[in-house]
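Numbered by this note's numbering, the letters in the sequence shown go through residues 231 to 584 in order.
Just so you know, even glycine gets a beta-carbon here, dropped at the ideal spot from N, CA and C.
Here the structure is a predicted model, which means the values were calculated and not measured.
Read through the structure below, which is laid out as structure tokens, and then see the notes.
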Amino acid sequence: MTGDGAGETATAIDQKKAAPGKGRRLLLWVLLSALGLVLLGAAGVGGLYLYGKHRYEAEGPLEAPEIVFLKRGMGLNAIARVLEEEGAVDSALIFRLGVRLEGLSATLKAGEYEIPAHASMQEIAKLLHEGKAILHKLTVPEGRTSHEIVDIVKADPVLVGEVSKVPEEGALLPETYLFERGTSRDEILARMAAAHDAVMEELWPARAENLPIKTEEEAVILASIVEKETGVAEERPRVASVFINRLNRGMRLQSDPTIIYGITGGKGPLGRRIRRSEIDGATPYNTYQIDGLPPTPIANPGRAAIEAVLNPPETKDLYFVADGTGGHAFASSLKEHLKNVAAFRRIQRERGER
231 MTGDGAGETA
241 TAIDQKKAAP
251 GKGRRLLLWV
261 LLSALGLVLL
271 GAAGVGGLYL
281 YGKHRYEAEG
291 PLEAPEIVFL
301 KRGMGLNAIA
311 RVLEEEGAVD
321 SALIFRLGVR
331 LEGLSATLKA
341 GEYEIPAHAS
351 MQEIAKLLHE
361 GKAILHKLTV
371 PEGRTSHEIV
381 DIVKADPVLV
391 GEVSKVPEEG
401 ALLPETYLFE
411 RGTSRDEILA
421 RMAAAHDAVM
431 EELWPARAEN
441 LPIKTEEEAV
451 ILASIVEKET
461 GVAEERPRVA
471 SVFINRLNRG
481 MRLQSDPTII
491 YGITGGKGPL
501 GRRIRRSEID
511 GATPYNTYQI
521 DGLPPTPIAN
531 PGRAAIEAVL
541 NPPETKDLYF
551 VADGTGGHAF
561 ASSLKEHLKN
571 VAAFRRIQRE
581 RGER
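Encoded structure:
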């Protein structure tokens with residue numbers, strides 16, 4: 231072998247040895263580049279996360295409190311869109327992402343909310359999660375008929391839907407009810423009926439012994455008469471005792487409101503005095519002409535009237551008449567009662583009333 235051939239062989243060997251070193255350096259550069267891209271990506275994602283978190287927790291754009299209504303059935307996307315449209319949040323996207331990261335996406339509740347001024351997206355999400363919606367108030371006075379209560383419910387501008395039917399007389403509990411915007415009229419009437427049932431379930435078992443009323447329905451009928459006879463809360467027990475005493479003695483109740491109900495059917499006030507012919511006229515409700523109780527309640531009594539009937543005070547009273555001050559004068563004898571009637575007539579004459 232000549233010298234030149236030996237040199238070529240050595241060079242080839244050196245090149246072969248160098249090739250693996252270049253491959254390792256290339257792989258290292260690839261790995262370093264990939265790691266750099268990952269770190270850059272992570273830094274970018276981290277930066278975006280911190281930016282979004284800052285926006286989510288920062289003061290909101292509202293300069294003053296804003297009322298926002300979220301309808302039932304709305305999902306997170308729709309809620310975020312409404313909040314953005316109402317100016318409560320400045321990014322529906324960030325609100326959605328923040329809510330999802332907090333695990334609240336399925337817990338936001340519908341309703342009417344007052345969003346405070348400068349409330350952050352996080353604070354708004356908490357408000358909706360806790361369901362602290364605005365509550366509206368509907369007050370039903372004692373002694374209203376079912377037709378009158380339906381009119382009250384129909385007139386409320388916050389309730390929705392139509393009333394499917396007028397509830398039975400005496401089936402509703404007069405009370406103040408709180409409800410959210412979007413509640414239907416049938417829903418609020420159903421709540422009144424449920425409240426009435428709950429009161430009867432509580433009070434009926436605790437009734438006094440030996441009452442002349444034997445069923446819950448009879449208790450409600452008599453309570454409705456008590457309710458219509460007096461607008462003075464303190465008088466209810468005593469008025470109840472008069473009717474209980476009369477029933478125990480087999481006396482007719484002789485209650486004017488029962489005559490009126492027989493004429494109007496509970497669809498509105500009579501608007502005038504009762505005529506003599508109406509006192510003498512026979513209707514199923516005229517307790518001047520029938521024995522015992524009328525066939526149904528004549529109004530919807532409140533809890534106090536029901537309690538008064540189920541646990542009346544022990545009195546000897548059999549009569550009462552208006553005393554001219556808004557209350558009544560009670561008597562245990564007809565003679566005493568006639569004196570009270572004469573006194574009331576005198577007051578009427580002095581006032582120029584007929």
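About 6 Å separates the beta carbon of I297 from that of E342, a gap short enough to meet the 8 Å contact definition. Beta-bridge annotation (DSSP): T406 is paired with T369.
Buried is the label assigned to T488, since at least 16 other Cβ atoms lie within 10 Å of its Cβ.
For V551, the enclosing beta strand (DSSP E) starts and ends at Y549 to A552. The closest CA to that of P543, considering only G303, I474 and S454, is found on I474. Taken through DSSP and simplified to helix, strand or coil, G328 comes out as helix. Out of R285, S350 and Q484, the CA that lies nearest to the CA of I509 is found in Q484. Apart from the 5 residues on each side of it in sequence, Y549 sits with its Cβ closer than 6 Å to the Cβ of A561 and H567 in its chain, given in chain order. If only uninterrupted alpha helix (DSSP H) runs of at least 4 residues are considered, those enclosed by the region 330-403 are 351-360 and 376-385. Your pair L408 and M422 does not check out as a contact, with CB atoms roughly 13 Å apart and the cut at 8 Å. In the DSSP assignment, E296 falls within the unbroken beta strand (DSSP E) covering E296 to L300. Using a 10 angstroms sphere on the CB of Y286, the tally of other CB atoms reaches 16 or more, which defines it as buried. By the neighbour-count criterion, in which 16 or more other beta carbons inside 10 Å mark a residue as buried, N530 falls on the buried side. Within its own chain, the residues whose Cβ lies closer than 7 Å to the Cβ of E344, once the five positions on either side in sequence are excluded, are P295, I297 and I364, listed in chain order.
A contact is defined here as three or more CB-CB pairs under 8 Å, and the region 391-401 meets this definition with respect to the region 362-378. Judged by DSSP secondary structure, A559 falls within the beta strand (DSSP E) whose first and last residues are H558 to A561. Judged by DSSP in its simplified three-state form, S414 adopts strand. Taking the Cα positions, K301 is about 14 Å away from G391. Its Cα nearest to that of M351, the residue L327 stands out among L327, G361 and H366. Burial is judged here by how many other beta carbons sit within 10 angstroms of a residue's own beta carbon; V319 has at least 16 and is buried. Taking C-beta atoms under 8 Å as the contact rule, A470 and V456 qualify, at a distance of about 5 Å. DSSP places Y491 within a helical segment (H, G or I) once states are collapsed to three.
Looking from the CA of Y491, the closest CA among R482, R476, G480 and T517 belongs to T517. For the set E410, P499 and P442, the Cα lying nearest the Cα of R479 is the one of P442. Between the alpha carbons of R482 and G556 lies a distance of about 24 Å.
L306 has its alpha-carbon roughly 10 Å from the corresponding atom of V312. With fewer than 16 neighbouring CB atoms inside 10 Å of its own CB, E360 falls in the exposed class. Non-local C-beta neighbours of I504 in its own chain, meaning closer than 8 Å and more than five positions away in sequence, comprise D486, I489 and I490, ordered along the chain. Annotation for L306: the continuous alpha helix (DSSP H) segment containing it runs L306 to E315.
Closest by C-alpha distance to A425, out of I528, G400 and K569, is G400.
Of the residues assessed, R468 falls on the buried side of the cut-off, its CB having 16 or more other CB atoms within 10 angstroms.
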